[in-house]
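Peer 1: Counting from -8, one number per residue, gives the positions in the sequence shown under our numbering.
We put the beta carbon where it would ideally sit given N, CA and C, even for glycine.
All values derive from a computational prediction rather than experimental measurement.
Got a structure for you, questions after.
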Amino acid sequence: MADQTTFKPKTQTKTQLKHPKQYQVLLHNDDFTPREFVVHVLEVVFHKGQEISIQIMWQAHQHGVAVVGSYSLQEAETKVDKVHDMAQHEGYPLMFSLREL
């Protein structure tokens, strides 16, 4: 007589991973920060190409505000803090803000 082994499938629980909330970084226009400096920080801090940086800068110039990109809260805050430090060091009132998506 053969031994019969019964295998019970393991119950798997599905864990839903929540994606971290995303935040848009917004560039605000001002009348004092040179356009070249704005493009520079977009390239250096946000790793945007020159052409995209110029487009973002013009969007802010024409409409008062422009979306730079979407990031996790920690990454967005780090980038905005870096830009504000750079602007303050140069004496510019450049302003970025965050908006939760």
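#1: Suppose contacts are defined by Cβ-Cβ distances below 8 angstroms. Is valine 74 in contact with valine 30 by that definition?
#2: Would you mind sorting threonine 69 into buried or exposed? The rule is 16 or more other CB atoms within 10 Å of its CB.
#3: Would leucine 92 be called buried (16 or more neighbouring beta carbons within 10 Å of its own) or exposed?
#4: Please name the residue, chosen from Val58, Gly82, Ser88, Lys9, that lies closest to lysine 39 on a Cα-to-Cα basis.
#5: Leucine 33 by DSSP, collapsed to three states: which one?
#6: Give me whichever residues DSSP pairs with alanine 51 in a beta bridge.
#7: Residue range of the alpha helix (DSSP H) that leucine 89 falls in?
#8: Output needed for asparagine 20: all residues of its chain with C-beta closer than 6 angstroms, excluding positions within five of it in sequence on either side, in chain order.
#9: Pick from Phe23, Leu18, Gln65, Lys12: whose alpha carbon is nearest that of glutamine 46?
#10: Consult DSSP for leucine 17 and reduce its assignment to one of helix, strand or coil.
Peer 2: This is what the structure gives:
#1: No, the pair does not count as a contact, with Cβ atoms beyond the cut-off.
#2: It is exposed - the Cβ of threonine 69 has fewer than 16 other Cβ atoms within 10 Å.
#3: Classification of leucine 92: exposed, given that the 10 Å Cβ count is below 16.
#4: Minimum Cα distance to lysine 39 is reached at Val58.
#5: Note: leucine 33 maps to helix in three-state DSSP.
#6: Its beta-bridge partners do not exist; DSSP assigns none.
#7: Segment 86 to 91 is the beta strand (DSSP E) holding leucine 89; no alpha helix (DSSP H) there.
#8: Residues of the same chain with a CB within less than 6 angstroms of the CB of asparagine 20, apart from the 5 flanking positions on each side, are Ala51, His52, Gly55 in chain order.
#9: It is Leu18.
#10: Looking at leucine 17 - three-state DSSP - the assignment turns out to be strand.
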